[in-house]
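In this text, residue positions in the sequence shown follow the working numbering: the first is 3, and each later residue adds one. These notes are about the structure you will find just below.
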Amino acid sequence: MPKRSRSQLSRNSSQARASKIRRNEESSSETENRLSIHRQYVAQSRARESSTERSQRLAEQNMRTAQIRARESSLQRSQRLAEQNVRTSRVRARESSLERSERLADQNLRTSQARARESSLERSQRLAQQNLRTSQVRARESSLERSQRLTEQNLRTSHVHARESSTQRLQRLEEQNIRNIQSRTRESSSERFQRLQDQRERQQTSRARSRNQVLAHSNRSAFRYDPQIDYAQQSSVQIGDMNKICPKCSAKKWVDETNGMCCASGKTAHPGRYNAPAVNEVAVLLVDEEKGPRDIVLHGRDGQLKGSLSYTDRMIHYSIP
């Protein structure tokens with residue numbers, strides 16, 4: 003390439019300064035119009051180039067980008083990524099649903115082509131770098147961000163699974179089983195122990211959550227009886243059949259019912275025997291003998307004292323003939 007003269011460099015520098023001044027003074031509509039014309043020019047130029055020219059252009063572009071990335075500091079890199087995210091968000095907000103679908107389809111096609119061209123070493127290196135970036139992002143996120151991310155991930159997965167056909171579902175499960183088998187084969191004994199321990203902890207957490215939900219649903223269910231619920235099929239209320247006899251009160255009770263629940267272990271008397279005194283509970287006192295404060299005094303029709311009954315712990319009915 004011939005070396006440029008000083009006059010050419012000065013002329014180019016002055017043109018660049020003038021162009022920068024004009025861009026600073028232009029309005030938003032003029033900027034949008036200029037960028038639109040530039041995009042059309044670039045699209046036409048891309049359409050005319052051959053595959054060799056395109057490959058050469060992309061290679062030179064990647065080289066220039068790599069050189070710029072190597073020279074920038076961590077602060078410049080953070081600033082560049084922040085500005086890039088802002089521009090990307092604005093572009094995503096302006097695009098329609100059709101443009102978004104086309105963009106994602108083109109992105110998936112380019113990704114598939116890139117994956118098909120990479121070697122096993124490049125694939126391993128790419129996955130290792132991806133895992134490292136993911137681990138760093140996961141380490142920086144808060145508990146709230148993690149919960150929100152998992153919720154959105156579960157929602158996307160549910161939508162994808164709902165749209166897939168039975169054939170796609172079987173293929174996905176087969177591929178998942180193959181990946182699991184390969185992963186199990188590669189793991190060491192310590193990794194296997196850690197995986198099983200994590201699995202047990204997740205199962206215990208899930209069972210505790212389900213048990214708490216059942217208990218919360220069954221709490222005071224006797225006062226909120228719902229005829230639509232088959233309580234006999236719930237494992238939390240299964241107490242067996244009512245085919246056992248209480249040895250204290252001879253009442254029927256359930257197999258798993260606690261002993262003594264029906265009659266307080268024989269301390270509760272039958273209602274029909276409430277007023278029937280036992281022999282050792284009543285003693286007849288003769289007239290004019292001393293009476294206790296809880297004795298029942300019997301009087302005749304003429305008001306004369308006939309006798310009294312000693313009261314212990316039961317109320318009785320006694321009629322004078």
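By construction, the Cβ of each residue, glycine as well, lies at the ideal position given by its N, Cα and C atoms.
Hey, quick one: how far does the alpha helix (DSSP H) through residue i stretch, first residue to last?
| i | result |
| --- | --- |
| Ser47 | 30 to 50 |
| Ile70 | 53 to 73 |
| Thr153 | 145 to 165 |
| Ile180 | 168 to 188 |
Would you list the one or two residues that DSSP bridges to residue i?
| i | result |
| --- | --- |
| Ser246 | This sequence places Lys at residue 246; Ser is not what is there. Its beta-bridge partners are Lys255. |
Look at the alpha carbon of residue i and the alpha carbon of residue j, and state the distance between them as a whole number of angstroms.
| i | j | result |
| --- | --- | --- |
| Arg171 | His163 | 8 Å |
| Arg158 | Leu100 | 20 Å |
| Asn179 | Gln173 | 10 Å |
| Ala49 | Asn35 | 21 Å |
| Lys22 | Ser52 | 32 Å |
| Gln150 | Arg140 | 12 Å |
| Glu85 | Arg73 | 18 Å |
| Gln138 | Gln63 | 29 Å |
| Arg108 | Arg202 | The identity of residue 108 in the sequence shown is Asp, whereas the question assumes Arg. Near 42 Å, if we compare the C-alpha coordinates of Arg202 and Asp108. |
| Gln196 | Lys246 | 48 Å |
| Arg105 | Ser212 | 43 Å |
| Ala118 | Gln17 | 45 Å |
| Arg128 | Ser121 | 10 Å |
| Glu124 | Met65 | 19 Å |
| Arg102 | Glu27 | 33 Å |
| Glu97 | Glu193 | 46 Å |
| Arg181 | Arg82 | 38 Å |
| Arg25 | Gln46 | 24 Å |
| Ile39 | Thr113 | 29 Å |
| Gln155 | Gln42 | 38 Å |
| Asn87 | Ala116 | 23 Å |
| Ser29 | Leu37 | 12 Å |
| Ser144 | Gln69 | 35 Å |
| Thr67 | Ser126 | 24 Å |
| Thr207 | Thr187 | 27 Å |
| Ala210 | Arg142 | 29 Å |
| Val257 | Ala266 | 17 Å |
| Ala130 | Ser75 | 24 Å |
| His161 | Arg204 | 24 Å |
| Ser190 | Gln199 | 14 Å |
| Thr111 | Pro229 | In the sequence on display, residue 111 carries Leu and not Thr. Computed Cα separation, rounded: 56 Å. |
| Tyr276 | Gly262 | Note that Tyr276 has pLDDT 45, beneath the 50 cutoff, so the model's placement of it is unreliable and the number below is only indicative. Distance between the alpha carbons of Tyr276 and Gly262 is about 20 Å. |
| Gln132 | Arg56 | 28 Å |
| Ser15 | Thr136 | 44 Å |
| Gln166 | Leu152 | It should be noted that the sequence gives Glu, not Gln, for residue 166. So the two alpha carbons sit approximately 21 Å from each other. |
Closest to residue i by C-alpha separation, out of the options, would be which residue?
| i | options | result |
| --- | --- | --- |
| Cys264 | Cys248, Asp258, Val257 | Cys248 |
| Met244 | Lys255, Ser52, Ile183 | Lys255 |
| Val342 | Ser31, Ser30, Arg59 | Absent from the model: residue 342. The displayed extent of the chain is 3 to 323, so no value can be given. |
| Gly268 | Leu146, Glu259, Glu176, Ala253 | Ala253 |
Quick check: is any heavy atom of the ligand ZN less than 7 Å from the C-beta of residue i?
| i | result |
| --- | --- |
| Arg171 | This structure lacks the ligand ZN, and indeed carries no ligand of any kind. |
Just list the alpha helix (DSSP H) runs in the region 85 to 143, keeping only unbroken ones of 4 residues or longer that don't cross its boundaries, in chain order.
Within the region 85 to 143, complete alpha helix (DSSP H) segments of at least 4 residues are found at 99 to 119, 122 to 142, given in chain order.
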